[in-house]
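J.: Numbering (mature numbering (1 follows the signal peptide of the UniProt record, and there is no 0)), first residue to last: -22 to -1, 1 to 377.
In this text, a Cβ means the ideal position worked out from N, Cα and C, and glycines have one as well.
So that we are looking at the same thing, I have put the structure below in structure tokens.
Have a look at this one:
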């Protein structure tokens, strides 16, 4: 997007452009034979929490080793190299945090999301070229980034043609004023920033997954498979995820009139779960994870020449891919792709695909899901039962 903009447009650039570049960059597809994960089964014994023997609507992801990232020729540089990683067991939400769940949080706490607040210039300017002039206060207004599509083919490098900063867009109005989440209680909540996801996580006693936990869970028991369900995009002609296909009659980002309301998020459970019983690990809406984003993080991890055990990610951000944006501008990892990803342009609905995004960004295709440690679950149960002393060690679920 041209950087020679009027001051009134800098706010749009500050919020929209870095996030769009990060989330929509092409991510190359993989091909190969899917194999069971190291130390795991392609058909694992799945344990779902019921609120008594585990947190409700969460799946137990048992300990395991796996190859994180990818070495395939089509994999992007930030996915390389594949390297041995080990994670210990954890519970993971079976679906994105939904509109209904987030509504309950806001009702209980009065929380105001990032998109509903006036942007802070000191926070925004770190995402822009040094020396960018401060825009007038009149354009520093609450809102979020909204996909608008086009009515004709456009250069895929010109993200501003299909994204707009929409004043008034927020989690209740994900496409801007006039839009609504009515009738979409089971859809992923979107237009939420990293800070919003963290605030919700603290309220429910959970946390965002690490990047390693997320990828291990997304693979669903398959080693280096192209997709979360295997190597065929549409096995037997079946659509496996909410991505840009079928309902659109034109190439991305041209929106066909035939799409109607189908272009957007879908309710949890609309598409098949992966091998661990998790829905929409890829497609539907991007997902925040805990880690800072570095484009070279996998090279750094592989260079340590040892199995990475429960990696927590880097201590800072580094992303040289966005012209005009400082390489050290804050970035958090997002994973999973969204309903906008497609085979011609964006293949980020692969388990190894990763992007870095401004943690203050709010977008119409970005949400989150959470995890919980077994010890945290036991502590929560004891608090609920009125007990004061947690056990010395919380055992993993049997199975």
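Using the C-alpha atoms, what's the distance from residue 315 back to residue 358?
T.: Here residue 358 is taken as the residue at index 380 of the chain shown, counted from 1. Here residue 315 is taken as the residue at index 337 of the chain shown, counted from 1. Going from the Cα of residue 358 to the Cα of residue 315 covers about 32 Å.
J.: Please state if the CB of residue 166 and the CB of residue 61 are separated by a distance shorter than 8 Å.
T.: Numbered from its first residue, the chain shown carries residue 61 at position 83. Numbered from its first residue, the chain shown carries residue 166 at position 188. Going by C-beta atoms, residue 61 is not nearer than 8 Å to residue 166.
J.: Kindly provide the ranges of any alpha helix (DSSP H) runs that are 4 or more residues long and lie completely inside the stretch 262 to 298, ordered along the chain.
T.: Within the stretch 262 to 298, the complete alpha helix (DSSP H) runs of at least 4 residues are 275 to 281.
J.: Excluding sequence positions up to five away, which residues of its chain have a Cβ less than 7 Å from the Cβ of residue 154?
T.: As a working mapping, residue 154 is identified with position 176 in the chain shown. Only 124, 144, 146 and 147 meet the Cβ criterion.
J.: Taking residue 340 as the reference, which of 196, 304 and 150 has the closest Cα?
T.: Walking along the chain shown from the start, residue 340 turns up at place 362. For the residues 196, 304 and 150, the minimum Cα distance to residue 340 belongs to 150.
J.: Can you give, in chain order, each stretch of the beta strand (DSSP E) that sits fully within the stretch 29 to 84 and has at least 3 residues?
T.: DSSP runs (the beta strand (DSSP E)) wholly in the stretch 29 to 84: 36 to 39, 42 to 46, 61 to 65 and 68 to 71.
J.: In angstroms, rounded to a whole number, what distance separates the CA positions of residue 173 and residue 159?
T.: The residue labelled residue 173 in the question sits at position 195 within the chain shown. The residue labelled residue 159 in the question sits at position 181 within the chain shown. Computed Cα separation, rounded: 21 Å.
J.: Between the beta-carbon of residue 70 and the beta-carbon of residue 256, is there less than 8 Å?
T.: Here residue 70 is taken as the residue at index 92 of the chain shown, counted from 1. Here residue 256 is taken as the residue at index 278 of the chain shown, counted from 1. Yes, Cβ-Cβ distance for residue 70 and residue 256 is below 8 Å.
J.: When DSSP labels each residue in this structure, what does residue 89 get in the three-state scheme?
T.: Residue mapping note: residue 89 aligns to position 111 of the chain shown, counting from 1. Three-state result, residue 89: coil.
J.: I need the straight-line Cα distance from residue 375 to residue 344, nearest angstrom please.
T.: In the chain shown, counting from the first residue as 1, residue 375 sits at position 397. In the chain shown, counting from the first residue as 1, residue 344 sits at position 366. Between residue 375 and residue 344, the C-alpha separation is close to 31 Å.
J.: Using three-state DSSP, classify residue 112 as helix, strand or coil.
T.: On the chain shown, position 134 is the one that residue 112 refers to. Looking at residue 112 - three-state DSSP - the assignment turns out to be coil, as it is neither helix nor strand.
J.: On the DSSP letters alone, give me the boundaries of the alpha helix (DSSP H) that residue 99 sits inside.
T.: Position 121 of the chain shown, counting from 1, holds the residue named residue 99. Residues 99 to 102.
J.: If we ignore side chains and look at the alpha-carbon of each, how far apart do residue 175 and residue 79 end up?
T.: Within the chain shown, the letter at position 197 stands for residue 175. Within the chain shown, the letter at position 101 stands for residue 79. The alpha-carbon atoms of residue 175 and residue 79 are separated by roughly 12 Å.
J.: Could you check which residue in 113, 56 and 263 has the C-alpha nearest to that of residue 299?
T.: Within the chain shown, the letter at position 321 stands for residue 299. The shortest Cα separation from residue 299 among 113, 56 and 263 belongs to 56.
J.: Taking residue 38 as the reference, give the member of 63, 67 and 29 with the closest Cα.
T.: As a working note, residue 38 is residue 60 in the chain shown. Here the closest residue by C-alpha is 67.
J.: What is the DSSP secondary structure of residue 117, reduced to helix, strand or coil?
T.: Taking the first residue of the chain shown as 1, we reach residue 117 at position 139. Helix at residue 117.
J.: Report yes or no: do three or more beta-carbon pairs, one from the stretch 195 to 209 and one from the stretch 326 to 333, lie closer than 8 Å?
T.: Contact between the stretch 195 to 209 and the stretch 326 to 333 is present, because at least three Cβ pairs lie under 8 Å.
J.: How close, in whole Å, do the beta carbons of residue 59 and residue 277 come, if the pair is a contact with beta carbons under 8 Å?
T.: Within the chain shown, residue 59 is the residue found at index 81, counting from 1. Within the chain shown, residue 277 is the residue found at index 299, counting from 1. Right, their Cβ atoms sit about 7 Å apart.
J.: Start and end of the beta strand (DSSP E) containing residue 195?
T.: On the chain shown, residue 195 is found 217 positions in, with the first residue counted as 1. No beta strand (DSSP E) contains residue 195, which is instead part of the alpha helix (DSSP H) from 189 to 197.
J.: Can you find at least 3 beta carbon pairs, one from the stretch 346 to 362 and one from the stretch 178 to 188, that sit closer than 8 Å?
T.: With the cut-off at 8 Å, the stretch 346 to 362 and the stretch 178 to 188 touch.
J.: Whole angstroms are fine: how far does the CA of residue 307 sit from the CA of residue 283?
T.: For the purposes of this step, residue 283 is taken as the residue at position 305 of the chain shown. For the purposes of this step, residue 307 is taken as the residue at position 329 of the chain shown. Looking at the two C-alpha atoms, the distance is approximately 29 Å.
J.: Taking the C-alpha atoms as reference points, what is the distance between residue 110 and residue 332?
T.: As a position in the chain shown, residue 110 is number 132, starting the count at 1. As a position in the chain shown, residue 332 is number 354, starting the count at 1. Rounded to whole angstroms, residue 110 to residue 332 spans 29 Å at the Cα level.
J.: If residue 107 and residue 353 are in contact, beta carbons under 8 Å, what's the gap, nearest whole angstrom?
T.: Sequence index remark: in the chain shown, residue 107 carries index 129 (1-based). Sequence index remark: in the chain shown, residue 353 carries index 375 (1-based). Rounded, the Cβ-Cβ distance is 46 Å, inconsistent with contact.
J.: Helix or strand or just coil, what does DSSP make of residue 213?
T.: As a first step, residue 213 must be located in the chain shown, where it is residue number 235. Helix.
J.: Can you give me the start and stop residues for the alpha helix (DSSP H) that residue 180 sits inside?
T.: As a working mapping, residue 180 is identified with position 202 in the chain shown. 172 to 182 is the extent of the alpha helix (DSSP H) around residue 180.
J.: With distance defined between alpha-carbon atoms, name the residue in 211, 355, 89 and 82 nearest to residue 28.
T.: Within the chain shown, residue 28 is the residue found at index 50, counting from 1. Cα-wise, what sits closest to residue 28 is 355.
J.: Bridge partners of residue 388, per DSSP?
T.: Here the chain has residues from -22 to 377 only, and residue 388 is not among them.
J.: Can the beta-carbon of residue 194 be found closer than 8 Å to that of residue 242?
T.: Position 216 of the chain shown, counting from 1, holds the residue named residue 194. Position 264 of the chain shown, counting from 1, holds the residue named residue 242. Cβ atoms of residue 194 and residue 242: not closer than 8 Å.
J.: In the DSSP assignment, find the alpha helix (DSSP H) that holds residue 355 and state where it starts and stops.
T.: For the purposes of this step, residue 355 is taken as residue 377 along the chain shown, with counting starting at 1. Looking at the DSSP string, the run of the alpha helix (DSSP H) that includes residue 355 is 352 to 362.
J.: Of all the options 91, 202 and 127, which has the alpha carbon lying nearest to the alpha carbon of residue 53?
T.: As a working note, residue 53 is residue 75 in the chain shown. Selected option, being the one with the closest Cα: 202.
J.: Would you identify the three-state DSSP class for residue 137, choosing helix, strand or coil?
T.: Sequence index remark: in the chain shown, residue 137 carries index 159 (1-based). Here residue 137 sits in helix by DSSP.
J.: For residue 201, name the three-state secondary structure that DSSP assigns.
T.: Position 223 of the chain shown, counted from the first residue, corresponds to residue 201. Strand, per DSSP.
J.: Using 10 angstroms around the beta-carbon of residue 180, count the other beta-carbons present and answer buried if the total reaches 16, otherwise exposed.
T.: Numbered from its first residue, the chain shown carries residue 180 at position 202. The residue is exposed, with fewer than 16 neighbouring Cβ atoms inside 10 Å.
J.: Can you determine whether any heavy atom of the ligand SAH sits closer than 7 Å to the C-beta of residue 278, and answer yes or no?
T.: Only the bare structure without any ligand can be found here, which leaves the ligand SAH out of the picture.
J.: Using the Cα positions of residue 253 and residue 42, report the straight-line distance between them to the nearest angstrom.
T.: Position 275 of the chain shown, counted from the start, is the residue given in the question as residue 253. Position 64 of the chain shown, counted from the start, is the residue given in the question as residue 42. Cα-Cα distance, rounded: 14 Å.
J.: In terms of residues, what are the limits of the beta strand (DSSP E) holding residue 311?
T.: As a working mapping, residue 311 is identified with position 333 in the chain shown. Segment 310 to 313, the beta strand (DSSP E) holding residue 311.
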